[in-house]
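Below is one structure, written out as structure tokens; the observations come after it.
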Amino acid sequence: LLIAGHETTANMISLGTYTLLRHPDRLAELRADPGLAPAAVEELLRMLSIADGMLRVATEDIEAGGTVIRAGDGVIFGTSVINRDETVYTDPDALDWHRPARHHVAFGFGIHQCLGQNL
């Protein structure tokens, strides 16, 4: 938690700041309405996906996208791809504080969520 938590947190703050500077209209909107901060944080987490590439082992046979994944197979999924899925997010490459709330997977999902997500 200490080792991984400080690096990813520092990277997220840095990339979030950089992203805001590249989108001065969004930064101005955030400055004008600080109440948007919680939505802005979630949107930046969705867009930037600092920890990209979660490793898992399938516990049962499943079919995903026409491919059979057998129990015991290793699986890697990219959070940046999931967090920009056009079937879930309208215009996923746009920075939008007003986007309807959706569950992003910047911290993983379920029992394997990142322990440091509250940092």
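Residue numbers (our numbering): 40 to 158. Every residue gets a Cβ at the ideal spot worked out from N, C-alpha and C, and that includes glycine. These numbers come from a predicted model, not from an experiment.
Proximity winner among the options, relative to residue i (alpha-carbon distances)
| i | options | result |
| --- | --- | --- |
| valine 144 | Thr106, Gly117, Glu68 | Gly117 |
| leucine 134 | Gly149, Gly147, Asp64, Ala110 | Asp64 |
| leucine 84 | Gly149, Ala97, Ala49, Ile150 | Ala49 |
Supposed close pair residue i, residue j - CB separation, criterion 8 Å
| i | j | result |
| --- | --- | --- |
| glutamate 46 | tryptophan 136 | With 8 Å as the limit, glutamate 46 and tryptophan 136 do not qualify as a contact, their Cβ atoms being about 26 Å apart. |
| serine 119 | aspartate 91 | 5 Å |
Burial state of residue i (16 or more Cβ within 10 Å)
| i | result |
| --- | --- |
| glutamate 82 | buried |
| leucine 94 | exposed |
| asparagine 122 | buried |
| isoleucine 150 | exposed |
Where the beta strand (DSSP E) through residue i begins and ends
| i | result |
| --- | --- |
| glutamate 81 | Where glutamate 81 is concerned, there is no enclosing beta strand (DSSP E), although the alpha helix (DSSP H) it sits in stretches over 76-87. |
| alanine 103 | 101-103 |
| valine 164 | Not covered by the structure: residue 164. The range shown for the chain is 40 to 158. |
Bounding residues of the alpha helix (DSSP H) (the contiguous stretch that carries residue i)
| i | result |
| --- | --- |
| leucine 94 | Careful: leucine 94 lies outside any alpha helix (DSSP H), inside the beta strand (DSSP E) at 93-96. |
| isoleucine 150 | Careful: isoleucine 150 lies outside any alpha helix (DSSP H) and carries neither H nor E. |
| threonine 118 | 118-121 |
| aspartate 64 | 63-71 |
| Taking one C-beta from the region 52-64 and one from the region 94-108 each time, how about it: are there three or more such pairs within less than 8 Å? | no
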